[in-house]
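Numbering (our numbering), first residue to last: 75 to 425. Below you'll find the structure, written out as structure tokens, and then a few comments.
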């Protein structure tokens, strides 16, 4: 050193992280859940996932060619979108559902805004929302029982209304029966028996492992959490969004999610059932559509949790993860604006 001071523009911290490295890291993290979907739902799950991935890659390449910009399908972002679109559809849907969903996710959710980094909404969730709005019967009824388990995750006790329902739909139905003044004593007794089954150790284990009905990639909390640990370890995602998201849902479910009044809800059931783990760790943490500051991440996660709880409790669908994240994506610029860290040495103007 010759004693001279090198002056350069900020930022000064560099890290060996690229879009390609992050995206393929997410693919690695999703690999256990992909393998689990094959085990629980058979080759059809892999077939639908493959169709979604192929459609996403082809759509991105064709549109980028048409726009006259470099084709970037090797960066892995379209592949991740395809996997997540497939993970958000029931395993019994016809083959064209993942094709349409992946096409919409890439073309309308991503490329129309200019490509990766410019999309205001999570493309995979936008594709799912489009499918749910366009083909609600396919997206809400074509469930398959998981290998080694049942559709609801419990052994039913003769309540006909919930024999073909997924775990969250079962919880909502029995809650409606218990709280409905017109329900007969027999119906209420049966509903309470089912409710007891939902909270049993066997039921929780089925939810945790994935022996329940649901979308292709959302049912196994265990496999999703294995991948999430990998993402956290590699610092590809920050803990603040998923922890605040899941924590908010758990607290609000305990307070308001029980059929017998306040503070009677089963928080663990709400955390493990549905797509909360998938959404919290793999979609709400999307770098492009979520806030960048630590405080903004916490606000974003809490907002997602509040909206998910509201939709699950009083909304029209048993599940609310997708719409909650999309709504908070819209709020991300506002959150970033009001949680932007102060510049070093900045002095607040008086008066």
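The beta-carbon is built from N, C-alpha and C at its ideal position, and this holds for glycine as well. All of these numbers come straight from a predicted model, not from anything done at the bench.
Assuming residue i and residue j form a contact by the criterion Cβ under 8 Å, report the distance between their Cβ atoms to the nearest whole angstrom.
{"i": "residue 220", "j": "residue 150", "result": "The Cβ separation is near 29 Å, so there is no contact."}
{"i": "residue 305", "j": "residue 355", "result": "7 Å"}
{"i": "residue 159", "j": "residue 126", "result": "5 Å"}
{"i": "residue 381", "j": "residue 394", "result": "6 Å"}
{"i": "residue 342", "j": "residue 278", "result": "6 Å"}
{"i": "residue 314", "j": "residue 372", "result": "5 Å"}
{"i": "residue 392", "j": "residue 243", "result": "5 Å"}
{"i": "residue 201", "j": "residue 178", "result": "5 Å"}
{"i": "residue 400", "j": "residue 196", "result": "7 Å"}
{"i": "residue 322", "j": "residue 376", "result": "5 Å"}
{"i": "residue 107", "j": "residue 336", "result": "Between residue 336 and residue 107 the Cβ distance is about 35 Å, and since that is not below 8 Å, they are no contact."}
{"i": "residue 122", "j": "residue 172", "result": "5 Å"}
By the three-class DSSP mapping on this structure, what secondary structure does residue i have?
{"i": "residue 193", "result": "coil"}
{"i": "residue 338", "result": "coil"}
{"i": "residue 331", "result": "coil"}
{"i": "residue 184", "result": "coil"}
{"i": "residue 210", "result": "helix"}
{"i": "residue 95", "result": "helix"}
{"i": "residue 357", "result": "helix"}
{"i": "residue 169", "result": "coil"}
{"i": "residue 215", "result": "helix"}
{"i": "residue 235", "result": "For residue 235, the pLDDT reaches just 48, beneath the cut-off of 50, and the residue's location in the model is therefore unreliable, although a value from the coordinates is still provided. Residue 235 falls in the helix class under three-state DSSP."}
{"i": "residue 226", "result": "coil"}
{"i": "residue 221", "result": "coil"}
{"i": "residue 246", "result": "helix"}
{"i": "residue 102", "result": "helix"}
{"i": "residue 113", "result": "helix"}
{"i": "residue 146", "result": "coil"}
{"i": "residue 349", "result": "coil"}
Could you pull the start and end residues of the alpha helix (DSSP H) that residue i belongs to?
{"i": "residue 410", "result": "395 to 412"}
{"i": "residue 298", "result": "295 to 307"}
{"i": "residue 125", "result": "117 to 141"}
{"i": "residue 369", "result": "368 to 388"}
{"i": "residue 310", "result": "First-last for residue 310: undefined, no H or E at that position."}
{"i": "residue 239", "result": "Unbroken run through residue 239: none, as it is neither H nor E."}
{"i": "residue 153", "result": "151 to 161"}
Ordered along the chain, which non-local residues of its own chain (more than five positions away) have a Cβ less than 7 Å from that of residue i?
{"i": "residue 415", "result": "367"}
{"i": "residue 412", "result": "none"}
{"i": "residue 447", "result": "What is shown of the chain runs 75 to 425, which leaves residue 447 out entirely."}
{"i": "residue 282", "result": "295, 296 and 346"}
{"i": "residue 338", "result": "332"}
{"i": "residue 36", "result": "In the structure as shown, the chain begins at 75 and stops at 425. Residue 36 is therefore absent and cannot be evaluated."}
{"i": "residue 274", "result": "none"}
{"i": "residue 387", "result": "330 and 331"}
Give a yes or no on whether 8 Å exceeds the smallest Cβ distance from residue i to chain C.
{"i": "residue 223", "result": "You won't find chain C in this structure, because it holds only one protein chain."}
So, for residue i: in the same chain, excluding its five sequence neighbours on each side, which residues have a beta-carbon less than 6 Å away from its beta-carbon?
{"i": "residue 167", "result": "212 and 216"}
{"i": "residue 185", "result": "137"}
{"i": "residue 251", "result": "257, 261 and 265"}
Would you say the beta carbon of residue i comes nearer than 7 Å to a heavy atom of the ligand MG?
{"i": "residue 157", "result": "This structure does not include the ligand MG; it has no bound ligands of any sort."}
Give me, in chain order, the residues of the same chain whose beta-carbon lies closer than 8 Å to that of residue i; leave out the 5 immediate sequence neighbours on both sides.
{"i": "residue 101", "result": "150, 153, 154 and 157"}
{"i": "residue 263", "result": "none"}
(request) Within the segment 249 to 274, note down every full alpha helix (DSSP H) run reaching 4 residues or more, in order along the chain. (result) Fully enclosed alpha helix (DSSP H) runs of 4 or longer: 259 to 272.
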